[in-house]
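*Asks:* Got a structure for you, written out below as C-alpha cells; questions coming shortly.
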Amino acid sequence: MPGETGYQPVEPPMLHWAMPTQPGRRTSHGRPAPTTFMLHRLLLSCLVSLACLLPGAAALAEQLDIMVEDAAAPWSRSDGTGYANEIVAAAFAAVGVDVKFTVLPYSRCKARVVAGLAPACFSISPEADLPDTIVLADKPIFTMHSKFFHNTAAPKTAAGIDALQPGTVVALVNGYEYPDAIRGLKARGIVLDQSNSELISLKKLAVGRVDYAVVNVDRIKTEAELLQQAGIGNVAFAFDGGSLGSYIGFSKTHPQGDYARRQFNAGYALVARNGTLDKIRRRWEPQKVPKKN
C-alpha cells in the first residue's frame with residue numbers, strides 16, 4: 000500500500016505526435032492539434048509501410064501474362080482465340096483481373112510454368128509425372144475424351160484398349176497428356192509413335208504408317224471437325240481410351256503464380272454460378288454434336 004511502502008503511483012507519460020500545428024487549435028489535453036495536412040501525410044506513410052510488408056504487392060497488381068498453347072483448335076487457336084481462352088478470360092474478368100495471352104507451342108507453354116518464368120499455362124491435364132512446380136486449378140476448363148481411330152481400308156480386330164497386342168503401333172502427340180490406360184501402353188509392348196499434332200497422326204493412319212491414332216475430343220472439338228481438317232476419309236472411330244480433365248496450371252515459384260490461381264478459382268466459381276459458362280459453351284458448341292462426344 001502507498002502509505003506502508005512509500006510507493007507513489009507515477010502517471011505514465013502521454014504520447015503525442017510531434018508535428019506542426021495550426022495556431023490556436025488544441026487537443027483535450029491542452030496540447031496543439033495536428034493539421035489536416037500532416038494527418039494525410041501520416042496516413043500515406045502508414046500505407047507505404049504496409050506495402051513494404053507485403054513482398055510482391057506491386058507485382059500482383061500488374062497485368063497477368065498467361066501462356067496458352069497454339070495448336071488445339073477450337074479450344075485454343077494460334078491467333079489467341081478459342082473456347083478455353085474465352086473461359087479463362089471470363090473467369091479472370093469476373094474478379095477484375097487484367098490478363099493477356101501469350102500464344103506458343105504447348106511444350107514451351109508448359110516448360111515456362113515449370114521453370115517459374117510464367118504464372119500460368121493452359122490447357123494442362125493431370126498425370127503421374129506432372130512436375131511438382133505446377134498446381135492445377137480447382138476445376139477443369141473442359142473434359143476431353145481420348146479416342147482411338149483405325150484405317151477402314153485395313154481395319155484392326157482389337158475390341159478395346161485392353162485387347163491391343165504387343166507390336167501394335169499407336170500414334171500420339173508429343174507432349175500431350177493422356178489417361179493412365181494409354182500412358183501404360185508402352186509397358187505392354189505397344190509402340191508409341193510420336194507426332195507433332197493430331198492431324199499428322201491421322202494422316203499417318205490414313206497412309207498405313209500406324210495401326211491406330213489417338214485424338215482428344217469433346218463437345219466443342221469434335222472428331223468430325225478433326226477429320227475434315229485432316230482432309231481424309233478412310234479412317235473411323237475404333238474405341239474409347241478414357242477421359243481426362245483439362246486445366247489451367249499455375250507456377251508454384253513465379254511471383255504471380257499463387258495470386259493468379261486464387262483469382263482464377265474465385266472467378267471461375269462466379270461465372271459457373273451466373274450462367275456465363277453455359278453461354279460460352281452454347282456459343283462454341285457445334286449444332287450437331289456426336290452423342291459419343
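Each residue of the sequence shown is one higher than the one before, counting from 0 in numbering that gives the first Met the number 0.
Here a beta-carbon is modelled for each residue, glycine too, at the ideal position from N, C-alpha and C.
For L225, which of K146, D64, A186 and V87 has the nearest alpha-carbon?
*Replies:* K146
*Asks:* Is it true that the region 202–211 meets the region 103–114, where meeting means three or more beta-carbon pairs spaced less than 8 Å apart?
*Replies:* no
*Asks:* Determine the DSSP secondary structure at G159, reduced to helix, strand or coil.
*Replies:* coil
*Asks:* Taking the CB atoms as reference points, tell me whether V213 and I189 lie closer together than 9 Å.
*Replies:* Against a cut-off of 9 Å, the Cβ pair of I189 and V213 comes out as no contact.
*Asks:* Cβ of D131 within 9 Å of Cβ of N264?
*Replies:* no
*Asks:* Which of helix, strand or coil does DSSP assign to T142?
*Replies:* strand
*Asks:* On the three-state DSSP scale, how would you describe E197?
*Replies:* helix
*Asks:* Measure the beta-carbon distance from S122 to I133 and round it to whole angstroms, keeping in mind my assumption that it falls under 8 Å.
*Replies:* That belief does not hold up - the Cβ atoms of S122 and I133 are roughly 12 Å apart, past 8 Å.
*Asks:* Measure the CB-CB distance between S245 and P178 and report whether it falls below 9 Å.
*Replies:* no
*Asks:* Out of V102, G174, I160 and A88, point me to the one whose CA is closest to L129's CA.
*Replies:* G174
*Asks:* Out of curiosity, what's the CA-to-CA distance linking Q286 and V94?
*Replies:* Those two C-alpha atoms are separated by around 31 Å.
*Asks:* Alpha carbon to alpha carbon, how far is E284 from V98? Give it in angstroms, no decimals.
*Replies:* 25 Å
*Asks:* From the DSSP output, read off the bridge partner residues of L103.
*Replies:* E68
*Asks:* Is it right to say R281 is buried, meaning 16 or more other beta carbons lie within 10 angstroms of its own, or is it exposed?
*Replies:* Counting the other CB atoms within 10 Å of its CB gives R281 a total below 16, which places it among the exposed residues.
*Asks:* Taking the straight line between their C-alpha atoms, what separation do you get for A127 and R272?
*Replies:* Using only the alpha carbons, I get a separation of about 31 Å.
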